[in-house]
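To keep things clear, I will list the structure first and then write my remarks on it.
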Amino acid sequence: MSPAGLSKVEVRRVKDHVSKHPMTVAVVRTDRAPSEITRLVRSLASACGLRVRRTVSSASSEFGIAELNSEHKMLIVLHVGGKGTELVSVSEADEAFLRDVEDSIFASNYHSGIIRDGL
381 MSPAGLSKVE VRRVKDHVSK HPMTVAVVRT DRAPSEITRL VRSLASACGL RVRRTVSSAS
441 SEFGIAELNS EHKMLIVLHV GGKGTELVSV SEADEAFLRD VEDSIFASNY HSGIIRDGL
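Structure representation (structure tokens):
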């Protein structure tokens, strides 16, 4: 199985948006586990001149985020489960969006832990 990745056109679309906005969210549908999309995240970081700051995913690996940034720009890659790997959308984001996604991931992980541990 080849590594997950976006097409050149999709990467260009993300790069163009990042260059015009301080905070961008790119929604990527992928059938890969979070640990398998490292190449995709790094290619976006390189194309946009950003660094990977952190990655977080739900315990079920159905969704997660990778946060990429520089001094003045931020790209949040929201990856969700699905067939194949493709860019679903690119749009402007804000701090409230990032907090909401983080809260959803942490709540999902908390509930998964409770179910797993039988509490």
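In the numbering used here, the protein residues as written are 381 to 499. Beta carbons: idealized from backbone N, C-alpha and C, even for Gly. Everything numeric in this text was worked out from a predicted model, so none of it was measured.
Report the option in the options whose CA atom is closest to the CA atom of residue i.
i: valine 436; options: Asp483, Leu420, Lys400 and Ser469; result: Asp483
i: arginine 392; options: Ala425, Met403 and Arg433; result: Ala425
i: alanine 459; options: Leu430, Asp411, Val389 and His452; result: The question names alanine, but residue 459 is histidine in the sequence shown. Looking at the Cα atoms, Asp411 is the closest of the given residues.
i: phenylalanine 477; options: Glu442, Thr418 and Ala406; result: Ala406
i: arginine 431; options: Val481, Thr418 and Phe443; result: Thr418
Is residue i helix, strand or coil when you go by DSSP?
i: threonine 465; result: coil
i: serine 399; result: helix
i: isoleucine 494; result: Unreliable positioning characterises isoleucine 494 in this predicted model, as indicated by a pLDDT of 44, which lies under 50. A coordinate reading is not provided.
By the 10 Å Cβ neighbour count, where 16 or more other Cβ atoms means buried, how is residue i classified, buried or exposed?
i: serine 438; result: buried
i: histidine 388; result: The amino acid at residue 388 is misidentified as histidine; the sequence shows lysine. Exposed, by the Cβ-count rule.
i: alanine 384; result: buried
i: lysine 400; result: exposed
Flag residue i as yes if its beta-carbon sits less than 9 Å from any beta-carbon of chain C, otherwise no.
i: serine 399; result: Reference to chain C is not applicable here, since this structure consists of a single protein chain.
Going straight from the alpha carbon of residue i to that of residue j, what length do you get?
i: valine 398; j: leucine 455; result: 7 Å
i: threonine 404; j: aspartate 474; result: 8 Å
i: glutamate 447; j: glycine 464; result: 22 Å
May I have a chain-ordered list of the alpha helix (DSSP H) segments no shorter than 4 residues that lie completely inside the segment 404-485?
-> 418-428
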